[in-house]
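Chemist: Chains as they are written, first to last, in UniProt numbering: chain A, 1 to 832; chain B, 1 to 196. This is the structure I want to talk about, given as structure tokens.
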Amino acid sequence: MALLAGRLCAVLGALALALPRTGAVDEQPGDAHGASQGFQIVTFKWHHVQDPYIIALWILVASLAKIVFHLSHKVTSVVPESALLIVLGLVLGGIVWAADHIASFTLTPTLFFFYLLPPIVLDAGYFMPNRLFFGNLGTILLYAVIGTVWNAATTGLSLYGVFCSGLMGDLKTGLLDFLLFGSLIAAVDPVAVLAVFEEVHVNEVLFIIVFGESLLNDAVTVVLYNVFESFVMIGGDKVTGVDCVKGIVSFFVVSLGGTLVGVVFAFLLSLVTRFTKHVRIIEPGFVFVISYLSYLTSEMLSLSAILAITFCGICCQKYVKANISEQSATTVRYTMKMLASGAETIIFMFLGISAVDPLIWTWNTAFVLLTLVFISVYRAIGVVLQTWILNRYRMVQLETIDQVVMSYGGLRGAVAYALVVLLDETKVKEKNLFVSTTLIVVFFTVIFQGLTIKPLVQWLKVKRSEEREPKLNEKLHGRAFDHILSAIEDISGQIGHNYLRDKWSNFDRKVLSKVLMRRSAQKSRDRILNVFHELNLKDAISYVTEGERRGSLAFIRSPSTDNMVNVDFSTPRPSTVEASVSYLLRENVSAVCLDMQSLEQRRRSIRDTEDMVTHHTLQQYLYKPRQEYKHLYSRHKLTPSEADKQDKEIFHRTMRKRLESFKSAKLGINQNKKAAKLYKRERAQKRRNSSIPNGKLLMESPAHNFTIKEKDLELSDTEEVPDYEAEETSGGIEFLANVTKDTASDSPAGIDNPVFFPDEDLYPSIIARVPPWLCPGETVVPSQRARVQIPQSPSNFRRLAPFRLSNKSVDSILLVDSPEERLHTLPESTHM
Amino acid sequence: MGSCSSHAAVIPDLDNIRRETGFSQASLLRLYHRFRALDRNNKGYLSHTDFQQIGALAVNPLGDRIVDSFFPDGNHQVDFSGFVRVLAHFRPVDEEDPGMRDPKQPEPLNSRMNKLRFAFQLYDLDRDGKISRHEMLQVLRLMVGVQVTEEQLESIADRTVQEADEDGDGAVSFLEFAKSLEKMNVEQKMSIRVLK
């Protein structure tokens with residue numbers, strides 16, 4: 001936090017540099033007082049605090065303005081916030097100018113590039129939907145590189161052509177000046193694009209393409225800008241072919257170098273967060289400071305700073321999120337959003353304020369209008385041409401609507417403005433014209449196109465005419481359709497399997513994660529695995545709770561070994577199954593419990609629940625389809641925890657259901673009817689068994705050694721459970737608390753703890769077939785007794801296997817489902 | 001992607017499948033690669049296991065039901081043509097005038113009615129042509145968060161059935177199901193544009 005504070009001070013200091021003194025008048029009262037002699041109890045020292053004070057006031061004004069905008073939902077739903085802020089800036093600038101007659105507050109390049117831009121870009125990188133981004137990387141790069149070069153060249157050349165025809169009158173410019181102008185006006189601006197696109201809900205592919213392009217084209221802009229600027233400095237006639245080649249080479253150096261710097265710093269950052277276990281409180285600071293250093297470093301090396309910090313964010317996100325504690329992650333998330341959102345607000349407001357300065361305004365109707373026309377037209381042409389090429393290779397075609405939105409969404413913003421202000425007036429004679437034109441372009445694109453893009457998108461799509469509240473059926477089935485679609489997309493493999501991605505994830509798993517992640521994080525890194533882990537944990541806990549309740553852990557030993565000896569497994573007999581699976585748990589939760597509850601509740605329920613209530617309930621609690629919450633980046637909103645929760649819930653259900661259906665499929669049990677009966681019978685058995693005085697698990701089984709060799713953590717005894725708790729400091733404890741509560745009221749659910757089932761014999765085969773992300777983290781050592789009751793024939797063993805609800809997760813269960821796989825995957829499991 | 005290198009000829013029974021599903025050759029090839037990727041051990045068909053390997057399905061409330069719909073009539077395997085046939089329901093509806101279609105031809109798989117029928121059979125587990133209150137409740141239970149009490153769920157299920165039920169038999173037939181959704185743009189909602 002200290003680091004953060006330090007950085008905040010730096011920002012404020014820089015703002016102060018940008019903001020000259022308006023306090024001149026206000027100083028008088030202080031001075032008047034100061035005339036008196038001797039010690040004063042109270043002094044008024046305005047100029048002592050003047051600069052930071054003014055900055056703070058500006059930030060406050062901007063933030064208050066945001067509040068005001070959002071008071072009216074109608075306004076913000078029509079007008080993008082960025083446009084509102086620019087208008088506000090214009091008004092404020094007008095007021096300041098009217099009072100002072102000096103344009104005292106402007107957006108200076110230093111302020112913009114050093115303090116306002118980095119948080120925005122870091123935020124974009126850190127929350128980048130990686131899979132989507134890399135899935136479309138080719139497209140994004142083409143638009144970012146070729147598209148930007150195309151825009152710059154055509155705009156510059158066309159303007160020069162018109163200039164030669166004499167339409168613009170007499171300007172002191174040459175070809176290079178026009179190309180320079182073209183290069184700075186060509187780039188689509190990440191800040192502006194995001195500000196507008198966030199409010200226009202386009203599909204995620206389109207979103208990531210425009211957004212990615214706006215981020216990555218920075219390298220091109222920087223290079224083009226530098227090249228043409230230096231050409232202008234040298235003078236047009238002295239530019240040689242060598243210089244041009246150098247320019248092209250420098251493009252690769254700048255872009256790849258910037259990316260490399262970002263990756264190196266991301267590596268450093270991940271490595272540092274691996275060791276912050278004991279300094280949790282400053283953990284979030286590292287994220288900001290190190291990424292900021294990557295930005296400054298590449299700026300220092302004159303590489304693309306935006307690329308550096310973007311890739312720093314993109315690369316570190318996975319490891320950092322896994323390493324830092326949950327609270328720190330939340331802090332990072334909120335701080336980042338706050339900084340980015342704040343910076344964006346200030347940028348747009350100051351863009352407006354900067355425009356109120358008569359000194360910079362030089363009007364040339366032809367130049368301004370033609371610039372507007374050219375950038376729009378050439379953008380559209382460029383998009384259409386590139387899309388035409390891309391569509392021959394792309395799986396997801398970019399359709400006409402997408403192309404229109406893409407062309408229309410080419411907003412210019414503060415980057416162009418900051419670059420144009422940087423121009424040297426002695427070399428570029430028409431700097432003021434360029435500045436005013438850039439401002440016009442920015443305002444036009446942000447305000448006009450920003451305003452119209454939303455209606456345009458809605459108009460282009462098939463319009464939904466009905467305004468009425470959808471009926472219950474429509475609401476429910478509509479959501480069901482969304483889920484169906486999402487599932488079909490997953491099945492049809494929309495994104496597809498990618499050789500490179502597989503290679504990368506392999507490398508990541510084998511090398512990077514090992515180096516960059518904490519051990520505990522390595523284990524729980526996979527979300528699904530996580531959920532499964534929790535499921536297991538829950539089972540384990542309820543199991544222990546049950547044990548404590550009975551005062552003995554003996555009941556683990558499943559019912560009587562003696563009746564196991566001659567069991568005929570070829571006929572579906574539930575006896576072993578009941579004893580071994582945690583189906584009790586499942587039944588309890590899903591069928592038995594709820595039904596009982598509902599029966600009772602139905603009796604006393606007020607039947608005439610209002611329609612509205614029903615609608616509301618559905619509205620609020622229907623699960624959202626995956627696509628709606630994943631994959632999307634938003635600068636102002638944070639919702640991932642919701643999504644995680646939903647995923648977990650559904651995952652729990654799915655797993656339970658699969659187990660049930662597996663069981664009924666394999667054993668022919670009609671779940672719903674027999675469940676209660678089985679449950680009772682089993683409980684009876686349990687009670688009988690609990691009298692066996694055997695409270696300790698045997699540790700010297702060969703299986704144990706095996707496990708030790710294989711893994712670094714095992715749940716070999718119930719005593720291990722608290723260890724889990726210690727490991728997962730943040731989430732774990734709450735979870736445990738919840739679970740314990742649940743199960744306490746839940747009667748003896750989860751006696752059959754799947755965790756305590758043997759699975760190591762299947763281990764090699766499972767390893768071979770389990771996809772990498774499911775590879776086992778930890779395993780469980782079974783008790784000797786438990787192993788004894790494993791049936792002796794291979795096929796029986798296979799049949800039992802699914803009931804190990806261990807962290808081999810789904811696949812180990814599923815494995816058993818396909819009979820044809822039995823033969824060749826089966827290890828010599830008979831030796832037991 | 002990769003459509004130049006590998007040939008569509010590798011797909012067995014290509015022409016029939018194309019005619020039946022209306023997929024373009026490129027799409028079929030892509031789906032075939034997907035099919036092969038899902039098919040562990042190159043069995044030539046997919047089992048439940050193969051589908052359940054798709055991690056995202058585990059967090060889809062209807063995931064398992066959709067997987068089951070690939071296995072009609074209690075089969076345990078689905079070959080490529082069966083696989084594609086299910087996916088064909090989600091092909092976007094062609095722009096051309098539906099009136100131009102040869103009336104002798106069966107309705108294409110991606111027609112509105114077939115899309116609806118596909119959804120309907122996800123609800124209608126016992127295949128009696130009706131969504132009973134119980135079946136509706138089951139689906140609701142899958143799709144609604146744990147915050148909603150069982151009581152609320154039942155009330156929602158009741159209302160949903162009542163709303164659609166026209167002949168008063170306490171269940172929703174396919175026609176009633178289709179009618180209740182007549183205002184909805186099913187053609188658009190149940191189409192994936194990748195599947196051409």
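We put the beta carbon where it would ideally sit given N, CA and C, even for glycine.
Since Phe23 of chain B meets chain A, which of its residues come closer than 8 Å, beta carbon to beta carbon?
Modeler: By one-based count along the second sequence, residue 23 of chain B stands at place 23. Result: empty, since nearest Cβ-Cβ is about 11 Å, beyond 8 Å.
Chemist: Are the beta-carbon atoms of Ser82 of chain A and Val446 of chain A separated by less than 9 Å?
Modeler: The residue labelled residue 82 of chain A in the question sits at position 82 within the first sequence. The residue labelled residue 446 of chain A in the question sits at position 446 within the first sequence. Contact flag set, yes.
Chemist: Rounded to whole angstroms, what's the CA-CA distance from Phe167 of chain A to Gly156 of chain A? Just pull it up for me.
Modeler: Along the first sequence, read from residue 1 onward, the residue named residue 167 of chain A stands at position 167. Along the first sequence, read from residue 1 onward, the residue named residue 156 of chain A stands at position 156. In the sequence as presented, Phe is not what sits at residue 167 of chain A; that position holds Leu. Whole-angstrom Cα-Cα distance: 15 Å.
Chemist: I need the straight-line Cα distance from Ser505 of chain A to Ala187 of chain A, nearest angstrom please.
Modeler: The residue given as residue 505 of chain A occupies position 505 in the first sequence. The residue given as residue 187 of chain A occupies position 187 in the first sequence. Their backbone Cα atoms lie some 33 Å apart in a straight line.
Chemist: Going along the chain, which residues of its own chain have a beta-carbon closer than 8 Å to the beta-carbon of His70 of chain A, five neighbours each way excluded?
Modeler: By one-based count along the first sequence, residue 70 of chain A stands at place 70. The residues are Thr76.
Chemist: Consult DSSP for Leu301 of chain A and reduce its assignment to one of helix, strand or coil.
Modeler: Stepping through the first sequence from its first residue, residue 301 of chain A is reached at position 301. Three-state result, Leu301 of chain A: coil.
Chemist: Are Phe434 of chain A and Ile86 of chain A closer than 9 Å when you measure CB to CB?
Modeler: Counting from one through the first sequence, the residue named residue 434 of chain A turns up at place 434. Counting from one through the first sequence, the residue named residue 86 of chain A turns up at place 86. No, these two residues do not count as a Cβ contact at 9 Å.
Chemist: Distance cutoff 9 Å, beta carbons only. Does Ile11 of chain B sit that close to anything in chain A?
Modeler: Taking the second sequence and counting its residues from 1, one reaches residue 11 of chain B at position 11. Cβ-Cβ to chain A under 9 Å: no for Ile11 of chain B.
Chemist: Between Asp482 of chain A and chain B, is any beta-carbon pair separated by less than 9 Å?
Modeler: Taking the first sequence and counting its residues from 1, the one referred to as residue 482 of chain A is at position 482. Taking Cβ atoms only, chain B reaches closer than 9 Å to Asp482 of chain A, which makes this a yes.
Chemist: Which stretch, first to last residue, makes up the alpha helix (DSSP H) that contains Ser24 of chain B?
Modeler: The count along the second sequence starts at 1 and reaches residue 24 of chain B at position 24. Here Ser24 of chain B belongs to no alpha helix (DSSP H), and DSSP marks it neither H nor E.
Chemist: Quick one: Cα of Phe71 of chain B to Cα of Arg519 of chain A, how far?
Modeler: Along the second sequence, read from residue 1 onward, the residue named residue 71 of chain B stands at position 71. Along the first sequence, read from residue 1 onward, the residue named residue 519 of chain A stands at position 519. Distance between the alpha carbons of Phe71 of chain B and Arg519 of chain A is about 42 Å.
Chemist: If you measure between the beta carbons of Asp490 of chain A and Ala56 of chain B, is that distance less than 9 Å?
Modeler: In the first sequence, counting from the first residue as 1, residue 490 of chain A sits at position 490. In the second sequence, counting from the first residue as 1, residue 56 of chain B sits at position 56. Contact flag set, yes.
Chemist: How long is the line joining the alpha carbons of Ile140 of chain A and Ile146 of chain A, rounded to whole angstroms?
Modeler: What you label residue 140 of chain A is simply residue 140 of the first sequence in a count that begins at 1. What you label residue 146 of chain A is simply residue 146 of the first sequence in a count that begins at 1. For Ile140 of chain A and Ile146 of chain A, the distance between alpha carbons rounds to 10 Å.
Chemist: Check whether the Cβ atoms of Ser291 of chain A and Val264 of chain A lie closer than 9 Å to each other.
Modeler: In the first sequence, counting from the first residue as 1, residue 291 of chain A sits at position 291. In the first sequence, counting from the first residue as 1, residue 264 of chain A sits at position 264. Not closer than 9 Å, so no.
Chemist: What residues from the region 135–157 of chain B come within 9 Å of chain A, judged by C-beta to C-beta, listed N to C?
Modeler: Listed in sequence order: Met136, Val139, Leu140, Arg141, Leu142, Met143, Val144, Gly145, Val146, Gln147, Val148, Thr149, Glu150, Glu151, Gln152, Leu153, Glu154, Ser155, Ile156.
Chemist: Rounded to a whole number of angstroms, what is the C-alpha to C-alpha distance between Ile102 of chain A and Val96 of chain A?
Modeler: What you label residue 102 of chain A is simply residue 102 of the first sequence in a count that begins at 1. What you label residue 96 of chain A is simply residue 96 of the first sequence in a count that begins at 1. Distance between the alpha carbons of Ile102 of chain A and Val96 of chain A: 8 Å.
Chemist: Contact criterion: CB-CB distance below 9 Å. Does Glu474 of chain A meet it with respect to chain B?
Modeler: Here the question's residue 474 of chain A lines up with position 474 in the first sequence. Chain B, which has a Cβ nearer than 9 Å to the Cβ of Glu474 of chain A, makes this yes.
Chemist: Hey, which unbroken runs of the alpha helix (DSSP H) at 4 residues or more fall wholly within the region 86–151 of chain B?
Modeler: Taking only runs of at least 4 residues, the alpha helix (DSSP H) segments lying wholly in the region 86–151 of chain B are 112–123, 133–143.
Chemist: Are Gly174 of chain A and Asn364 of chain A closer than 9 Å when you measure CB to CB?
Modeler: On the first sequence, position 174 is the one that residue 174 of chain A refers to. On the first sequence, position 364 is the one that residue 364 of chain A refers to. In this structure, Asn364 of chain A does not lie closer than 9 Å to Gly174 of chain A by Cβ.
Chemist: Quick check: the Cα distance between Gln188 of chain B and Tyr225 of chain A, rounded to an integer number of angstroms?
Modeler: Your numbering for residue 188 of chain B matches position 188 in the second sequence. Your numbering for residue 225 of chain A matches position 225 in the first sequence. In a straight line, the C-alpha of Gln188 of chain B is about 45 Å away from that of Tyr225 of chain A.
Chemist: Check the Cβ of Thr654 of chain A against every Cβ in chain B and list those closer than 7 Å, keeping chain order.
Modeler: Numbered from 1 along the first sequence, position 654 holds the residue referred to as residue 654 of chain A. Within chain B, the residues near Thr654 of chain A are Ala58, Gly63, Asp64.
Chemist: Listing by chain order, which chain B residues have their CB less than 7 Å from the CB of Val487 of chain A?
Modeler: For the purposes of this step, residue 487 of chain A is taken as the residue at position 487 of the first sequence. First, the amino acid is wrong: residue 487 of chain A is Ala here, not Val. Those within 7 Å of Ala487 of chain A in chain B are Leu57, Asn60, Leu62, Gly63, Ile66.
Chemist: Under 8 Å, CB to CB, which of the residues in the region 72–98 of chain A have a partner in chain B?
Modeler: Answer in chain order: no residues at all.
Chemist: Whose C-alpha, out of A:Asp237, A:Lys238, A:Leu215, is nearest the C-alpha of Thr259 of chain A?
Modeler: The residue labelled residue 259 of chain A in the question sits at position 259 within the first sequence. Closest by alpha carbon: A:Leu215.
Chemist: Check whether the Cβ atoms of Leu88 of chain A and Met349 of chain A sit closer than 9 Å, and answer yes or no.
Modeler: Numbered from its first residue, the first sequence carries residue 88 of chain A at position 88. Numbered from its first residue, the first sequence carries residue 349 of chain A at position 349. Closer than 9 Å, so yes.
Chemist: Can you say whether His278 of chain A is buried or exposed, counting buried as having 16 or more other CB atoms within 10 angstroms of its CB?
Modeler: On the first sequence, position 278 is the one that residue 278 of chain A refers to. It is exposed - the Cβ of His278 of chain A has fewer than 16 other Cβ atoms within 10 Å.
Chemist: According to DSSP, simplified to helix, strand and coil, what is Ser72 of chain A?
Modeler: Within the first sequence, the letter at position 72 stands for residue 72 of chain A. Note: Ser72 of chain A maps to coil in three-state DSSP.
Chemist: Going by Cα to Cα distance, which pick from A:Ser302, A:Ser270, A:Gly409 is closest to Val289 of chain A?
Modeler: Along the first sequence, read from residue 1 onward, the residue named residue 289 of chain A stands at position 289. Considering only alpha carbons, the answer is A:Ser270.
Chemist: Would Pro52 of chain A and Ala340 of chain A be called neighbours here (beta carbons separated by less than 9 Å)?
Modeler: Your numbering for residue 52 of chain A matches position 52 in the first sequence. Your numbering for residue 340 of chain A matches position 340 in the first sequence. Against a cut-off of 9 Å, the Cβ pair of Ala340 of chain A and Pro52 of chain A comes out as no contact.
Chemist: Can you round the beta-carbon distance between residue 833 of chain A and Val200 of chain A to whole angstroms, since I take them to be within the 8 Å contact cut?
Modeler: This structure gives no information on residue 833 of chain A, because the portion of chain A shown stretches from 1 to 832.
Chemist: Please state the DSSP three-state secondary structure of Val172 of chain B.
Modeler: The residue given as residue 172 of chain B occupies position 172 in the second sequence. In the structure shown, Val172 of chain B sits in a strand (DSSP, three-state: E or B).
Chemist: Residues of chain B with CB closer than 8 Å to the CB of Arg479 of chain A, please, in chain order.
Modeler: Residue numbering aside, residue 479 of chain A sits at position 479 when the first sequence is read from its first letter. Simply Met143.
Chemist: Is Glu15 of chain B buried or exposed, if buried means 16 or more other CB atoms sit within 10 Å of its CB?
Modeler: Here residue 15 of chain B corresponds to residue number 15 of the second sequence, with the count starting at 1. Contrary to the premise, residue 15 of chain B reads as Asp rather than Glu in this sequence. Classification for Asp15 of chain B: exposed.
Chemist: Determine which residues share a DSSP beta bridge with Val78 of chain B and list them.
Modeler: The residue given as residue 78 of chain B occupies position 78 in the second sequence. DSSP output for Val78 of chain B lists B:Leu46 as bridge partner(s).
Chemist: Which of helix, strand or coil does DSSP assign to Met233 of chain A?
Modeler: The residue labelled residue 233 of chain A in the question sits at position 233 within the first sequence. In the structure shown, Met233 of chain A sits in a helix (DSSP, three-state: H, G or I).
Chemist: Does any C-beta atom of chain A lie closer than 9 Å to the C-beta of Leu14 of chain B?
Modeler: Walking along the second sequence from the start, residue 14 of chain B turns up at place 14. Chain A, which has no Cβ nearer than 9 Å to the Cβ of Leu14 of chain B, makes this no.
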